[in-house]
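J.:
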Amino acid sequence: MKKLILLFTFLLTFSAVGQIDRSKQPIPGPAPTIQVKEPQQYKLKNGLTVMLVENRKLPQVSASLSLDNPPILEGIKAGLSDLTGSLLGKGSKKIAKDDFYDEVDFMGANISIGASGAFAQSLSRYFERTFQMMADAAINPNFTEEEFTKERDVIIDALKSSEKDVTTAARRIERLLAYGVDHPYGEYTTPGTINNIKLADVQRFYDFRFRPNNAYLVIVGDIDMESVQPLVKKYFGKWKPKPVASSPIPEVVNPLSPQIDFVNMPNAVQSEVVVQSTAYLAKKDPEYFSVLMANSILGGGGEARLFLNLREDKGYTYGAYSSIGNDKRTATRFRASASVRNEVTDSAVVELLNEVKRIRTDLVMESELKKAKAKYVGNFVRSLERPATIAQFAYDIATENLDKDFYKTYLDQINAVTTNDVRVVAQKYFNVNQSRIVVTGKGVDVLDNLEKVEFNGKLLPVNYYDKYGMSIERPRKIAVAGGVTAETVLTKHIEKTGVNNFSDLKTIKLVYKGTFMQMAIEVKETYSTTSQEQVISVGGNPMMTSVVSAEGAFMKQGPNQMDLPKVIYDDLKKSLGVISEIGLLASGEAVLEGIETVNDTEAYVIKVPGVGVSYTNYYSKETGMKIKESTLVNFNGQMQTNNTNYESYKEISNLLMPGEKSFDLGGQEISLTLEEVIVNPEK
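In structure tokens form, the structure reads like this:
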């Protein structure tokens, strides 16, 4: 029944998205005159660069402390910068953490400190105290063993909880393959590398990285230089300069020709597809603005080519985008990406490659370029309303070796880009002919077709990796022993649950409890031979009821009821029964697909195809119990896959039922524990 929760969310989302009219584009107007206030600037004796941008519109002041540190390799202690950052901002040697937080809250201020700097904002009347507290916490952090242990454990728990997350694995291996394990951008954090870190490492890292001679303090708001100078001298003047730590950064190279790097994730229900290459691009480069326009046209949003092709035309994905960064010290990455259904993985690769090739080969249309320029003009002008933007501009000019009028002429530079400029930079920076096509997904489902993909008339070679970037053999399905069929697998599961031991079993009611967004959640599920009902309560209040019966299917939230389309209902009713396997077996449509490894367990894969809802269930080869359920919902051509994991089976009321089940809802993992099983409950 969990699939109904996600189906309800899916239908609401689809209905809302369907009302957006993307055919109407804003008419670009003339570029506005940009007034970017130039900062007043000076340096302390310790090397700290101070910049002030006065802004009297509101009675508030902000201060940004930024450390212009080069990236460094953390090696066997990868994650050291993250752990250090998590320990900063918890008071100082002079003020305890709780007292620090309480005073910040009392002032209505905001103070945040991390491994790359600090930020503070408050009303003008509280700014001196807020500024003092930020400086104290940044310069005199109170690293304690207690906080170190607590934050270390939080990071380790977060890493462990993302072990099976396909997107997390994809981003990790994409960086690793682009930069290499010996590059600061290529290494990744594991529970093991975090456990290698000691409190002394944190203190040493902080000492090497927090230096005034490599720091920039930008103050913006309702304050003048006459007030700023004594404040900065008082709270930052005693900060001692030291040489800044750095290490050589390896050169980054692309492969000689395009190749597919496949990352196997057996639990994946869709594929993460990325066409990527590296390039050296700094913000000061003359081609920078042309690159911005090229990327915007290719994959900068819902009006860009990738989105219009892969989503609007083909329906492969909810979104397809591209991006390219800039870096003054090392290479940056160009990426064209989409998350797609397994069955269209190879087709998505082809379309991504072709779109990148097209923008490199053919001139873009003038109308496309005008829309891209209009979008950047609007975003840029709106960004000027935020004081933090002005602070960032000042920092960029100081650290990126930019002309002092870089942002004053920003829109002129954008509007000067031509269609030929777009093609020239696309050929240089969107290097599809030396790209890595990194595909993270379920090998046994996608590799047969993926290995047939050609580009520029040549078959693309395929390399195989695990989720940590180690080379592996090609993933293959495990052979099924003779005599095992879909019927025998489903029958074994039915027998193991104990439902056949009852002569008069008509209804089973299960009660699961857990938490969602720090609120108690209770799910009551009632199964019978003719109906299924689920009632979800959050914080003790009923939120949603879902029903599938012989008459139809609907979902109800408060006074609002949504009847499900017949094509979806026809497939949902296949699972009617005191347990769904009884209905699936009776349908006669179940097919044994093979054996796969799921959650480190070999499992039989049973599929029941459908038009509106397709089922894929996984049953432990050893125990016969269901360990995972995957449903694919097709609503007017829009696909949504939902997964539920089952474990810790326990016997209650003479029935063997999953003691725990978990699923993802809106990016949040929900884990539920079985609290009660009622046989033939009274109505």
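Mapping of the sequence shown onto the working numbering: residues 92 to 774, in sequence order. We put the CB at the ideal spot given by N, CA and C, even for glycine. What you are looking at is a predicted structure, and each value in this text was computed from that prediction instead of being measured.
1) Taking the continuous beta strand (DSSP E) assigned at residue 524, which residues delimit it?
2) Spell out the partners DSSP gives residue 425 in its beta bridges.
3) I'd like the span of the beta strand (DSSP E) that includes residue 654, first residue to last.
4) Look up residue 588 in the DSSP assignment and say whether it is helix, strand or coil.
5) Ignore the nearest five residues each way along the sequence and tell me which others in residue 715's own chain have a CB closer than 6 Å to its CB.
6) Start and end of the beta strand (DSSP E) containing residue 685?
7) What residue range does the alpha helix (DSSP H) around residue 47 cover?
8) Any idea what DSSP makes of residue 497, helix, strand or coil?
9) Just verifying my parser: in three-state terms, what is the DSSP assignment at residue 520?
10) For residue 357, name the three-state secondary structure that DSSP assigns.
11) Less than 8 Å between the C-beta atoms of residue 594 and residue 622, yes or no?
12) According to DSSP, is residue 163 helix, strand or coil?
13) I'd like the list of long-range same chain contacts for residue 233, defined as Cβ closer than 6 Å, with 5 residues on each side in sequence excluded.
14) Quick check: what's the CA-CA separation for residue 513 versus residue 442?
15) To the nearest angstrom, how far is it from the Cα of residue 707 to the Cα of residue 748?
16) Going by C-alpha to C-alpha distance, which of 131, 363, 628 and 544 sits closest to residue 647?
17) In chain order, what residues of the same chain lie with their CB nearer than 8 Å to the CB of residue 293, ignoring the 5 residues before and after it?
18) Under the rule that 16 or more other beta-carbon atoms within 10 Å means buried, what is residue 656, buried or exposed?
19) Rounded C-beta distance between residue 521 and residue 425? I'm assuming under 8 Å.
20) Determine whether the beta carbon atoms of residue 208 and residue 158 lie at a separation below 8 Å.
21) Quick check on residue 167: buried or exposed, where buried means 16 or more other Cβ atoms within 10 Å of its Cβ?
22) Suppose contacts are defined by Cβ-Cβ distances below 8 Å. Is residue 359 in contact with residue 447 by that definition?
23) By the 10 Å Cβ neighbour count, where 16 or more other Cβ atoms means buried, how is residue 237 classified, buried or exposed?
24) How do the stretch 202 to 219 and the stretch 267 to 278 stand: do at least 3 beta-carbon pairs fall below 8 Å, yes or no?
25) So the candidates are 241, 434 and 154; which of them puts its Cα closest to the Cα of residue 202?
26) Expressed to the nearest angstrom, what Euclidean distance is found between the alpha-carbon atoms of residue 386 and residue 541?
27) State buried or exposed for residue 113, treating a residue as buried only when at least 16 other CB atoms are found within 10 Å of its CB.
28) If you draw a straight line from the alpha carbon of residue 799 to that of residue 319, how long is it in whole angstroms?
29) Which of the three DSSP states is assigned to residue 760 in this structure?
30) Can you give me the C-alpha to C-alpha distance between residue 679 and residue 591, rounded to a whole angstrom?
31) I think residue 784 touches residue 764, with their Cβ atoms under 8 Å apart; what is that distance to the nearest whole Å?
32) Please classify residue 615 as buried or exposed, where buried requires at least 16 other C-beta atoms within 10 Å of its C-beta.
33) So, are the CB atoms of residue 467 and residue 415 less than 8 Å apart?
34) How long is the line joining the alpha carbons of residue 369 and residue 344, rounded to whole angstroms?
35) I believe residue 438 touches residue 427 by the beta-carbon criterion, under 8 Å. Please report the beta-carbon distance rounded to the nearest angstrom.
T.: Result, derived from the coordinates:
1) Numbered from its first residue, the sequence shown carries residue 524 at position 433. From DSSP, residue 524 is part of no beta strand (DSSP E); its letter is neither H nor E.
2) Counted from its first residue, the sequence shown places residue 425 at position 334. BP columns for residue 425 point to 368 and 415.
3) Within the sequence shown, residue 654 is the residue found at index 563, counting from 1. 651 to 654 is the extent of the beta strand (DSSP E) around residue 654.
4) For the purposes of this step, residue 588 is identified with residue 497 of the sequence shown, where counting begins at 1. Note: residue 588 maps to helix in three-state DSSP.
5) Taking the sequence shown and counting its residues from 1, the one referred to as residue 715 is at position 624. Excluding residues within five positions, the ones whose Cβ falls inside 6 Å are 583, 584 and 587.
6) As a first step, residue 685 is located in the sequence shown; it is residue number 594 there, counting from the start. 682 to 689 is the span of the beta strand (DSSP E), which, as asked, contains residue 685.
7) In this structure the chain extends from 92 to 774, so residue 47 is not present and cannot be described.
8) For this step, residue 497 is matched to residue 406 along the sequence shown. If DSSP states are grouped into helix, strand and coil, residue 497 belongs with coil.
9) Translated into the one-based positions of the sequence shown, residue 520 becomes position 429. In the structure shown, residue 520 sits in a helix (DSSP, three-state: H, G or I).
10) Along the sequence shown, read from residue 1 onward, the residue named residue 357 stands at position 266. Residue 357 falls in the coil class under three-state DSSP.
11) Your numbering for residue 594 matches position 503 in the sequence shown. Your numbering for residue 622 matches position 531 in the sequence shown. Going by C-beta atoms, residue 594 is not nearer than 8 Å to residue 622.
12) Counting from one through the sequence shown, the residue named residue 163 turns up at place 72. Three-state DSSP puts residue 163 in coil, outside helix and strand.
13) Locating residue 233 in the sequence shown gives position 142, where the first residue counts as 1. For residue 233, where only same-chain residues beyond five positions count, the Cβ hits under 6 Å are 182, 183 and 184.
14) Within the sequence shown, the letter at position 422 stands for residue 513. Within the sequence shown, the letter at position 351 stands for residue 442. Cα to Cα, residue 513 sits roughly 20 Å from residue 442.
15) Numbered from 1 along the sequence shown, position 616 holds the residue referred to as residue 707. Numbered from 1 along the sequence shown, position 657 holds the residue referred to as residue 748. Approximately 19 Å between the Cα atoms of the pair.
16) Position 556 of the sequence shown, counted from the first residue, corresponds to residue 647. Of the candidates 131, 363, 628 and 544, the one whose C-alpha sits nearest the C-alpha of residue 647 is 628.
17) Against the sequence shown, residue 293 aligns to sequence position 202. Same-chain partners within the cutoff: 171, 174, 175, 178, 234 and 239.
18) Taking the first residue of the sequence shown as 1, we reach residue 656 at position 565. The residue is exposed, with fewer than 16 neighbouring Cβ atoms inside 10 Å.
19) Walking along the sequence shown from the start, residue 521 turns up at place 430. Walking along the sequence shown from the start, residue 425 turns up at place 334. Indeed, because the Cβ distance is near 5 Å, the residues count as touching under 8 Å.
20) The residue you call residue 208 lines up with position 117 of the sequence shown. The residue you call residue 158 lines up with position 67 of the sequence shown. Cβ atoms of residue 208 and residue 158: closer than 8 Å.
21) Position 76 of the sequence shown, counted from the start, is the residue given in the question as residue 167. Burial call: exposed.
22) For the purposes of this step, residue 359 is taken as the residue at position 268 of the sequence shown. For the purposes of this step, residue 447 is taken as the residue at position 356 of the sequence shown. Cβ atoms of residue 359 and residue 447: not closer than 8 Å.
23) Looking up residue 237 in the sequence shown gives position 146. Exposed: under 16 other Cβ atoms inside 10 Å.
24) no
25) Here residue 202 refers to the residue found at position 111 when the sequence shown is read from its first residue. Residue 202 has its Cα closest to that of 154, out of 241, 434 and 154.
26) Within the sequence shown, residue 386 is the residue found at index 295, counting from 1. Within the sequence shown, residue 541 is the residue found at index 450, counting from 1. Roughly 26 Å separates the two Cα atoms.
27) The sequence position of residue 113 within the sequence shown is 22, counting from 1. Because residue 113 carries a pLDDT of 46, less than 50, the predicted location of this residue cannot be relied on, and no value is offered for it.
28) Residue 799 cannot be examined here, being either before or after the span of the chain that is shown, 92 to 774.
29) Residue numbering aside, residue 760 sits at position 669 when the sequence shown is read from its first letter. Of the three classes helix, strand and coil, the one that applies to residue 760 here is strand, per DSSP.
30) Numbered from its first residue, the sequence shown carries residue 679 at position 588. Numbered from its first residue, the sequence shown carries residue 591 at position 500. The straight-line gap from Cα to Cα measures roughly 19 Å.
31) Residue 784 lies beyond the residue range present for the chain, which begins at 92 and ends at 774; the question has no answer from this structure.
32) Translated into the one-based positions of the sequence shown, residue 615 becomes position 524. Result: buried.
33) Within the sequence shown, the letter at position 376 stands for residue 467. Within the sequence shown, the letter at position 324 stands for residue 415. Going by C-beta atoms, residue 467 is not nearer than 8 Å to residue 415.
34) Here residue 369 is taken as the residue at index 278 of the sequence shown, counted from 1. Here residue 344 is taken as the residue at index 253 of the sequence shown, counted from 1. Each residue's Cα considered, the two are about 7 Å apart.
35) Within the sequence shown, the letter at position 347 stands for residue 438. Within the sequence shown, the letter at position 336 stands for residue 427. That pair is no contact at about 15 Å.
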